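Undergrad: One point on numbering: in numbering that gives the first Met the number 0, the residue at position 47 of the sequence shown is 46, and numbering is uninterrupted. Glycine is no exception: its CB is placed at the ideal position from the N, C-alpha and C atoms. Predicted model, so just to flag it, every value in this text is computed and none were measured. Take this structure first; my questions come after.
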Amino acid sequence: MKKILIVDDDPNIRLLFSETLKMDGYDVKIVSTGSQALQMIFDNAFNLVILDIKMPGIHGLEILRKVRENGNKIPIVICSAFEGMKDDISIKSLGISDYLVKPVDLRILSHSIKKVFAKNVTQ
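In structure tokens:
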């Protein structure tokens, strides 16, 4: 079973994404802070991370940088209300797998996750 980590400071988003992805058959863990996210990513074997950008404490992009600097190539899907950052080349250069803009249609979320996993199987 594929393991997904959801990182978002909004409890409603965490619950909604978690329940949706559990129904899709994934093992889902949730955290609300950047420091929790880094600890979970470095201490566990996840197949994918869904990451918010704007969070208290450690910013989502800083989490992404630290994960990549550590050599971790885990697929990361950014899920943020900042639509203008979707085409930001500096974010894409950090190796994100997808960028979804909130509010996210749950069917699009599920499709994005399946697409990321399908792409990673063929590589």
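#1: By the three-class DSSP mapping on this structure, what secondary structure does Asp23 have?
#2: Tell me which residues share the same chain as Gly33 and place their Cβ nearer than 6 Å to its Cβ, disregarding the 5 neighbours each side in the sequence.
#3: Determine the DSSP secondary structure at Gln122, reduced to helix, strand or coil.
#4: Measuring straight from C-alpha to C-alpha, what distance separates Leu50 and Val66?
#5: Classify Pro102 as buried or exposed, calling it buried when 16 or more other Cβ atoms lie within 10 Å of its own Cβ.
#6: Is Ser79 close to chain B? Criterion is C-beta to C-beta, closer than 8 Å.
#7: Grouping DSSP H, G and I as helix and E and B as strand, with all else coil, what is Ile62?
#8: Terminal residues of the continuous beta strand (DSSP E) containing Ser79?
#9: Whose C-alpha, out of Gly94, Val76, Phe116, is nearest the C-alpha of Val100?
#10: Are the CB atoms of Val48 and Val6 nearer to each other than 8 Å?
TA: Per the coordinate set shown:
#1: DSSP places Asp23 in coil when its eight states are reduced to three.
#2: Excluding residues within five positions, the ones whose Cβ falls inside 6 Å are Met54, Gly56, Ile57, Ile62.
#3: With a pLDDT of only 41 at Gln122, under 50, the local geometry of the prediction cannot be trusted, and the value read off the model is given with reservation. Gln122 falls in the coil class under three-state DSSP.
#4: Take the alpha-carbon of Leu50 and the one of Val66: they are about 12 Å apart.
#5: Counting Cβ neighbours within 10 Å, Pro102 comes out exposed, since fewer than 16 surround it.
#6: Judged by its chain identifiers, the structure shown contains no chain B, having just a single protein chain.
#7: If DSSP states are grouped into helix, strand and coil, Ile62 belongs with the helices.
#8: Boundaries of the beta strand (DSSP E) harbouring Ser79: 75 to 79, taken from the DSSP string.
#9: Residue Val76 is the option with its Cα nearest to Val100.
#10: Contact check for Val48 against Val6 passes: the beta carbons are separated by less than 8 Å.
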